[in-house]
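Mapping of the sequence shown onto our numbering: position 101 corresponds to residue 153, and the numbering continues sequentially without gaps. All C-beta atoms, glycine included, are put in the ideal place defined by N, C-alpha and C.
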Amino acid sequence: MPLSPAQQSQQRKRAAKAAASVGPALTMQGATAYEMQLAQLHQHRLQLKQVQSQEAKAELKRRILPDYGPYIDGALSAGKGAQDEVLTTLMLWHLDAGEIDVGLRIGEYVLQHKMIMPDRFNRSAACLIAEEPAELALRAMKAGNSFPVASLLEAQRITADHDMPDQARAKIHLAIGRAYAFGIDKDQVTEDQAELLENAREHITRAIELDDKCGGKKDLEGVARLLKKHAGTPG
């Protein structure tokens, strides 16, 4: 059952108070508001384990994530960076569910305070923040749907100074490049579109530099042809 506005307000206050009481390098374990959310998270994880379809899992996450909104708001507004399994898990769940902006808002806090992901995830927070939106974007565009480049740029920005495998960083650059170039009219490239294509070329080139097997070589050739056509030179 969704929380009432009064209950949401109380939950935000409890989360903020708990988060503010625990300093960096410590854990939120033992804080009452945190333990309540951890118990709820455990129940939702059990529900998710019963679902085999990744698409259905994402839909279930979209339904349950609003339950955690007050806790997230309270923890991010007053938190001091204590290790928080609820936040790190919810960061990934939001990304999985396509709620990219909220996932990145949590992700920036997680990276700022050098939080570690629970062992079951097998990847660092920075790697997840770069790869998950990139994979979502690449799948969407392969299916013929656009994806907001601003969200991908934000994922790239907040992870730029964090270590990760070159393949993971290549993936976010490739996704950004394809998002810039997506849907451009191949018959008549305008000045504004040419600028987008230049941005696309920069990111796709960087992706190939990082991982020459990233799948971006044909994209780069296509972008180059369009830019030559715009410049009035033979393709």
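Query	Result
Close Cβ partners of GLU291 (< 6 Å) along its chain, the five nearest in sequence each way excluded	No answer is possible for residue 291: it lies beyond the span of the chain, which begins at 53 and ends at 287.
Helix, strand or coil at GLN104 according to DSSP, with G and I counted as helix	coil
Secondary structure of ALA110, DSSP reduced to three states	helix
Candidates ASP215, ALA202 and GLU206, of which the one nearest ALA178 by Cα	ASP215
DSSP beta-bridge partners of GLN208	BP columns for GLN208 are empty, so no partner.
Between the CA atoms of ALA283 and ALA110 - distance to the nearest angstrom	44 Å
Assigned exposure category for ARG253 - 16 Cβ within 10 Å defines buried	buried
For VAL241, the first and last residue of its enclosing alpha helix (DSSP H)	Note, VAL241: premise wrong, no alpha helix (DSSP H); not H, not E.
Which listed residue (LEU272, THR140 and THR242) has its alpha carbon closest to that of ARG172	THR140
Inter-stretch contact (C-beta, 8 Å, three-pair minimum) for the segment 225-236 and the segment 255-266	yes
Status (buried if at least 16 other CB within 10 Å, exposed otherwise) for ILE168	exposed
Extent of the continuous alpha helix (DSSP H) to which ILE168 belongs	Counting along the chain, ILE168 falls outside any alpha helix (DSSP H), and DSSP gives it neither H nor E.
Start and end residues, alpha helix (DSSP H) containing ASP264	Where ASP264 is concerned, there is no enclosing alpha helix (DSSP H), given that its DSSP letter is neither H nor E.
With 16 other Cβ atoms within 10 Å as the buried cut-off, status of LEU98	exposed
Same chain only: Cβ atoms within 7 Å of ALA246, ignoring 5 sequence neighbours per side	LEU279 and HIS282
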